[in-house]
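Asks:
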Amino acid sequence: MDRIDKQYTKTPFYGVERMTQQLKRDGVVIGHNRVRRLMRLVGLMPVYPKPKTSKRHPEHKIYPYLLRGVAIERVNQVWSADITYIRLLAGFVYLVAILDWFSRYVLSWSVSNSLDSLFCVDALDDALRIATPEIFNSDQGSQFTSRDFTGRLEQARVRISMDGRGRVFDNIFSERLWRSVKYEEVYLNEYQDVQEALSGLGTYFDFYNHRRPHQSLDYRTPAEAYFGNRFSCFASRSEATEEHILYNATASTL
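If you read the sequence shown in my numbering, its first letter stands for residue -7, the second for the next number, and so on.
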């Protein structure tokens, strides 16, 4: 599962057959039926994450995609949410993050050992305490189409946008975030359990937001791009923010 996840992070367009052949080239003796089963288990399918992490609920409302041709020009114009798989030494957990597209700032994140909507709603509530976006984009997964989740956005008068099925570039900023998280943190560490994952991810997201410059942001950090001239006021609060997020991430696993 770990090898498949690493290869998928490099080449999200690989299907079962190509993934099987790549693993064999890497010296792994495995058949395509097992590759298919493991990809489904961790929610990976070619082009975009399906079916586990983004499974539709037949009774939930699906909202139209609102971002076709839209230029991203300011903070809080567009936020997005996405879920990915995080390995542990024994087992795995799911991670959700809410991201501001303009600044790449991670507004909140949460971890859970199940795919119910609660940990996503908790992350959304944390993010909405910081600001309110104009548009919120996600895939059509049942966590994001649940009434609890969409109701929070409607109450805040946020326009809801959902990716078209199979449109890999609809949530490209989240995909880039996951690549950074996995190559710069997850793959370098052997998380023993959920608590170690929470600690490691908390440290990484603080680094990502406040100390990791982005070339696309003219080598500013996401926090500098998001808060602008207010950054100096917020930078000193990074430890408090991390502690708050870790508390909520821990609660979501219970």
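Just so you know, even glycine gets a beta-carbon here, dropped at the ideal spot from N, CA and C.
Using the C-alpha atoms, what's the distance from Ser138 back to Ala148?
Replies: Stepping through the sequence shown from its first residue, residue 148 is reached at position 156. Stepping through the sequence shown from its first residue, residue 138 is reached at position 146. Those two C-alpha atoms are separated by around 16 Å.
Asks: By a C-beta neighbour count over all protein chains shown, 10 Å radius and 16 as the cutoff for buried, is Ser95 buried or exposed?
Replies: Here residue 95 refers to the residue found at position 103 of the sequence shown. Answer is buried; the Cβ neighbour count reaches 16.
Asks: Could you give the residue range of the beta strand (DSSP E) that holds Asn129?
Replies: The residue you call residue 129 lines up with position 137 of the sequence shown. Ile127 to Ser130 is the extent of the beta strand (DSSP E) around Asn129.
Asks: What's the C-alpha gap between Ala115 and Val88?
Replies: The sequence position of residue 115 within the sequence shown is 123, counting from 1. The sequence position of residue 88 within the sequence shown is 96, counting from 1. The straight-line gap from Cα to Cα measures roughly 8 Å.
Asks: Determine the contact status of Met31 and Met11, defining contact as a CB-CB distance below 9 Å.
Replies: Locating residue 31 in the sequence shown gives position 39, counting from the first residue. Locating residue 11 in the sequence shown gives position 19, counting from the first residue. Taking 9 Å as the Cβ cut-off, Met31 and Met11 qualify as a contacting pair.
Asks: Could you tell me which whole beta strand (DSSP E) segments of length 3 or greater appear in the region 94 to 143?
Replies: Listed in chain order, the complete beta strand (DSSP E) runs (minimum 3 residues) inside the region 94 to 143 are 98 to 104 and 127 to 130.
Asks: Quick check on the burial criterion: 16 or more other C-beta atoms within 10 angstroms. Buried or exposed for Pro214?
Replies: To locate residue 214, count along the sequence shown from 1; it is residue 222. Result: buried.
Asks: Restricting to Cα atoms, I'd like to know which of Lys53, Val186, Arg171 and Ile90 is closest to Ser134.
Replies: Position 142 of the sequence shown holds residue 134. Here the closest residue by C-alpha is Lys53.
Asks: Secondary structure at Ile75, three-state DSSP: helix, strand or coil?
Replies: As a working mapping, residue 75 is identified with position 83 in the sequence shown. Ile75 falls in the strand class under three-state DSSP.
Asks: Below 8 Å, how does it come out for the region 70 to 78 and the region 194 to 201: are there three or more Cβ pairs, yes or no?
Replies: No, they do not touch.
Asks: Going by C-alpha distance, which of Phe165, Ser191 and Arg121 is nearest Glu177?
Replies: In the sequence shown, counting from the first residue as 1, residue 177 sits at position 185. Glu177 has its Cα closest to that of Ser191, out of Phe165, Ser191 and Arg121.
Asks: Just to confirm the assignment, what range does the alpha helix (DSSP H) spanning Ser208 have?
Replies: In the sequence shown, counting from the first residue as 1, residue 208 sits at position 216. From DSSP, Ser208 is part of no alpha helix (DSSP H); its letter is neither H nor E.
Asks: With H, G and I counted as helix, E and B as strand and the rest as coil, what does DSSP make of Ile152?
Replies: As a position in the sequence shown, residue 152 is number 160, starting the count at 1. Looking at Ile152 - three-state DSSP - the assignment turns out to be strand.
Asks: What is the DSSP secondary structure of Val27, counted as helix, strand or coil?
Replies: Here residue 27 refers to the residue found at position 35 of the sequence shown. Helix.
Asks: Which same chain residues, not among the five before or five after Gln14, have their C-beta less than 7 Å away from its C-beta?
Replies: Walking along the sequence shown from the start, residue 14 turns up at place 22. So the qualifying residues of the chain are Gln(-1) and Tyr6.
Asks: Spatial neighbours of Lys2 within its chain, please: C-beta separation below 6 Å, excluding the five flanking residues on both sides.
Replies: The residue given as residue 2 occupies position 10 in the sequence shown. Cβ neighbours of Lys2 beyond the five flanking positions: none.
Asks: Assign Pro125 to buried or exposed, taking buried as 16 or more other Cβ atoms, counted over all protein chains shown, within 10 Å of its Cβ.
Replies: To locate residue 125, count along the sequence shown from 1; it is residue 133. The residue in question, Pro125, is buried, as its Cβ has 16 or more Cβ neighbours within 10 Å.
Asks: Would you grab the beta carbon distance between Ala119 and Ser100 for me? Rounded to a whole angstrom, and I think it's under 8 Å.
Replies: Translated into the one-based positions of the sequence shown, residue 119 becomes position 127. Translated into the one-based positions of the sequence shown, residue 100 becomes position 108. That pair is a contact at about 4 Å.
Asks: When the Cα atoms are used, what is the spatial distance from His202 to Val8?
Replies: Position 210 of the sequence shown, counted from the first residue, corresponds to residue 202. Position 16 of the sequence shown, counted from the first residue, corresponds to residue 8. So the two alpha carbons sit approximately 38 Å from each other.
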